[in-house]
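Asks: Residue numbering for the sequence shown follows our numbering, starting at 4 and increasing by one per position.
For every residue, glycine included, the Cβ atom is placed at its ideal position computed from N, Cα and C.
Provided herewith is a single structure, encoded as structure tokens, for subsequent inquiry.
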Amino acid sequence: MKNVYYAHALCLYGSPEEFQELRTIRGSLRKHRVVNPAEYENHPEKRRDTIGFCLRLVEGSDIVVFSRLLDKVTAGVGKEVNHALKVGKPVFELKMGKLVRHTRSVKYISRAATINLYRKWRAI
């Protein structure tokens, strides 16, 4: 069974939006196991080096699927996507309930802008 890494904004962890996106991924990639970084929330290695830990999860996966938050690629997701492309992993974006192949690096917002975007999303 192949692994698909699900790159998504931290503020989506445990939300109905995350549940829906996971359903879409599982429906589209039926023979894949989803590697969800939300499931490693309290992992000691992730707590020490969050992005490094997630990039290693990306490297151990066969495919990466990512989503945007309010039409923006957040800082962590951008790093994960660009790393996946750099190491030759197929990358797909979740767009309107479908998986769309992505072959070019993505531009993403800064960490500070990401935190502000989380606040904006939570207020909606």
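#1: Using the C-alpha atoms, what's the distance from Ala78 back to Arg26?
#2: On the DSSP letters alone, give me the boundaries of the beta strand (DSSP E) that Glu96 sits inside.
#3: Which residue marks the beginning of the alpha helix (DSSP H) containing Val80, and which one marks its end?
#4: Kindly indicate which three-state DSSP category Val109 falls into: helix, strand or coil?
#5: Let's see if you can read the secondary structure: which residues bound the beta strand (DSSP E) around Arg36?
#6: Taking the alpha carbon of Phe22 as the point to measure from, which residue in Met4, Glu42, Lys34 has its own alpha carbon closest?
#7: Could you spell out where the alpha helix (DSSP H) holding Asn119 opens and where it closes?
#8: Taking the alpha carbon of Leu102 as the point to measure from, which residue in His46, Leu32, Glu20 has its own alpha carbon closest?
Replies: In this structure, then:
#1: A direct Cα-Cα distance of roughly 24 Å separates Arg26 from Ala78.
#2: DSSP places Glu96 inside the beta strand (DSSP E), whose first and last residues are 94–98.
#3: 78–89 is the extent of the alpha helix (DSSP H) around Val80.
#4: Note: Val109 maps to coil in three-state DSSP.
#5: Taken as a continuous stretch (DSSP letters only), the beta strand (DSSP E) holding Arg36 covers 35–38.
#6: The option with the nearest alpha carbon to Phe22 is Glu42.
#7: Unbroken alpha helix (DSSP H) run through Asn119: 114–126.
#8: Considering only alpha carbons, the answer is Leu32.
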